[in-house]
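**Student:**
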Amino acid sequence: MNIRYGLIITVVVLLASCNSKVTQTNKNGLNYIKQGLYDQAIVEFNNAIITDNEWLPAYYNRAICYANTKRYKEALNDFNYILANCPDHAESYFNRGVVYENIGIYNSAIKDYSQTINLRPDFITAYHYRGIARFYMKDYEGALADYNKAMELGLAETGLYFNRGVIMQIQGNLDAAIKDYTEAINIDPSNAKSYYNRGIAKLAQERSDEALKDLEIASRLGFAKANDAINTYFRY
0 MNIRYGLIIT VVVLLASCNS KVTQTNKNGL NYIKQGLYDQ AIVEFNNAII TDNEWLPAYY
60 NRAICYANTK RYKEALNDFN YILANCPDHA ESYFNRGVVY ENIGIYNSAI KDYSQTINLR
120 PDFITAYHYR GIARFYMKDY EGALADYNKA MELGLAETGL YFNRGVIMQI QGNLDAAIKD
180 YTEAINIDPS NAKSYYNRGI AKLAQERSDE ALKDLEIASR LGFAKANDAI NTYFRY
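Take 0 as the starting number for the sequence shown in numbering that gives the first Met the number 0 and just add one per residue.
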């Protein structure tokens, strides 16, 4: 199972507005976003759009709010509007891809991540997220290629190493999987899933004592499946 992600809030100015009221209203909305007050932010962005219905940053920021509150249809409508008027906006393709992924439309997510990369080859996270979508499509080689590319470009996140470890484990490359889970743990020692998966991989290598230690740590960190594994393999 891959680690899932929420949307990256990427706030950018697409067009300048000469209307000071719109600018201030948008700023108010951004302040609400920083506090996680998405409904209040939406009200501000709605007001900005009422004042100037062609000012795209308000649609973009509102889409972020809709997505973070799981109003995916509304988020897609706003991202679609932005891309119809600003077809080279990489961040909108990326975040629309995340919405598609969250609702399980992986082919569309992959297309949007690919378009993000076409527009911005340095958009490292798009490689990682495209890899996640490809994983759910069972395109393991494609996912692995994307994870490797993200690492090559400098991305070093717990989720990235964990996700590549999952691919390695599926392919039976347990040494490589364990190495990736270990790196994920080094980055975030509180990541219970990495301890659990590393423990399961060590069990497959008959390294029972080491496996038990990992499963016990995962259990202490609150990962319930670790208790099930301990009861199955170590309770006699």
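Even for Gly, the Cβ is constructed at its ideal location relative to N, Cα and C.
(1) Please report how far the alpha carbon of Ala191 lies from the alpha carbon of Gly221, in whole angstroms.
(2) Looking only at C-alpha atoms, which of Ser207, Ser189 and Leu202 sits nearest to Ser218?
(3) On a Cα-Cα basis, can you pick out the residue from Gln170, Leu75, Leu202 and Asn67 that is closest to Tyr31?
(4) Indicate whether Leu143 and Ile166 have their beta-carbon atoms separated by less than 9 Å.
(5) For a minimum of 3 consecutive residues, which ranges assigned as the beta strand (DSSP E) are wholly contained in the segment 77 to 137?
(6) Leaving out five residues on either side along the sequence, give the residues of the same chain with a beta carbon under 6 Å from the beta carbon of Gln243.
(7) Would you tell me roughly how many angstroms separate the C-alpha atoms of Gly198 and Met136, rounded to the nearest one?
(8) Measuring straight from C-alpha to C-alpha, what distance separates Asp145 and Asp51?
(9) Report all residues from its chain with a CB closer than 6 Å to the CB of Ile229; omit the five preceding and five following residues, and keep chain order.
(10) By Cβ distance, which residues of its chain are closer than 7 Å to Leu173, with the 5 residues on each side in sequence left out?
(11) Does the Cβ of Asn84 have 16 or more other Cβ atoms within 10 Å, making it buried, or fewer, making it exposed?
(12) Just mark Asn185 as buried or exposed, buried being the case when its beta carbon has 16 or more other beta carbons within 10 Å.
(13) Any idea if Arg3 is buried or exposed, counting beta-carbon neighbours within 10 angstroms, 16 or more meaning buried?
(14) Does the beta-carbon distance from Ile63 to Trp54 come in below 9 Å?
(15) Find out if the Cβ-Cβ distance for the pair Tyr139, Tyr128 is shorter than 9 Å.
(16) To which residues of the same chain is Ile102 closer than 8 Å at the C-beta, ignoring the five residues directly before and after it?
(17) Buried or exposed, going by whether 16 or more other CB atoms sit within 10 Å of the CB of Ala223?
(18) What first and last residue would you give for the alpha helix (DSSP H) that runs through Glu156?
**Tutor:** Taking the structure as given:
(1) For Ala191 and Gly221, the distance between alpha carbons rounds to 7 Å.
(2) Ser218 has its Cα closest to that of Ser189, out of Ser207, Ser189 and Leu202.
(3) Closest by C-alpha distance to Tyr31, out of Gln170, Leu75, Leu202 and Asn67, is Asn67.
(4) Cβ atoms of Leu143 and Ile166: closer than 9 Å.
(5) Positions of the beta strand (DSSP E) runs, each at least 3 residues long and wholly inside the segment 77 to 137, cannot be given because no such run exists.
(6) A query on residue 243 cannot be resolved here, the shown segment of the chain reaching from 0 to 235 and no further.
(7) Distance between the alpha carbons of Gly198 and Met136: 26 Å.
(8) Distance between the alpha carbons of Asp145 and Asp51 is about 40 Å.
(9) In its chain, beyond the 5 residues on either side, Leu214 have a beta carbon closer than 6 Å to the beta carbon of Ile229.
(10) Cβ neighbours of Leu173 beyond the five flanking positions: Ala200, Ala203 and Gln204.
(11) Under this definition Asn84 is an exposed residue.
(12) That one is exposed.
(13) With a pLDDT of 42 at Arg3, under the threshold of 50, the predicted position of this residue should be treated as unreliable, though the coordinate-derived value follows. Per the 10 Å Cβ criterion, exposed.
(14) Their beta carbons are not under 9 Å apart, which means Ile63 does not touch Trp54 by this criterion.
(15) With a cutoff of 9 Å on beta-carbon distance, Tyr139 and Tyr128 are scored as not near each other.
(16) Taken in chain order, the residues that qualify are Tyr71.
(17) Exposed, since its Cβ has fewer than 16 Cβ neighbours within 10 Å.
(18) Run containing Glu156: none; DSSP gives neither H nor E here.
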